[in-house]
Amino acid sequence: MTSIDYAVAGMTCEHCARAVTEELSALDGVTAVTIELVAGGVSTVTVTSAAPLSGPDVAAALDEAGSYTLA
Ligand SMILES: [Cu+2]
Numbered sequence: 001m002t003s004i005d006y007a008v009a010g011m012t013c014e015h016c017a018r019a020v021t022e023e024l025s026a027l028d029g030v031t032a033v034t035i036e037l038v039a040g041g042v043s044t045v046t047v048t049s050a051a052p053l054s055g056p057d058v059a060a061a062l063d064e065a066g067s068y069t070l071a
């Protein structure tokens with residue numbers, strides 16, 4: 001089990017945080033996603049997964065959730 005913090009730009013409200021949580025949770029092996037929302041700034045997204053995720057997979061999930069990007 002590994003926990004990694006990602007800096008994510010573009011989220012502005014709880015709705016954004018929910019969308020990101022949903023998309024990241026759908027990735028293989030992900031067991032938990034927590035978000036410290038900084039509206040309009042860079043939020044901290046902590047992802048717990050069985051094995052480390054690949055950066056491109058995370059970036060794709062964020063884009064799918066609503067054009068959010070790794071900062
Ligand atoms: Cu929002």
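In my numbering, the protein residues as written are 1 to 71.
Yeah, the Cβ is synthetic: ideal placement off N, Cα and C, and Gly gets one too.
Exposure label - residue i; buried when at least 16 CB within 10 Å
i: Ile-4; result: exposed
i: Gly-55; result: exposed
i: Gly-10; result: buried
i: Ser-49; result: buried
Assumed close pair residue i, residue j - CB separation to whole angstroms, cut-off 8 Å
i: Val-47; j: Val-30; result: 6 Å
i: Thr-69; j: Ala-39; result: Actually they do not touch by this definition, with Cβ atoms about 16 Å apart.
First through last residue of the alpha helix (DSSP H) which encompasses residue i
i: Val-58; result: 55-66
i: Val-30; result: Here Val-30 belongs to no alpha helix (DSSP H); instead the beta strand (DSSP E) covers 30-36.
i: Thr-21; result: 14-25
If you measure from each CB to the nearest heavy atom of ligand 1 and keep those under 6 Å, what residues do you get, in chain order? Taking every residue with its beta carbon within less than 6 Å of a heavy atom belonging to ligand 1 gives, in chain order, Thr-12, Cys-13, His-15, Cys-16.
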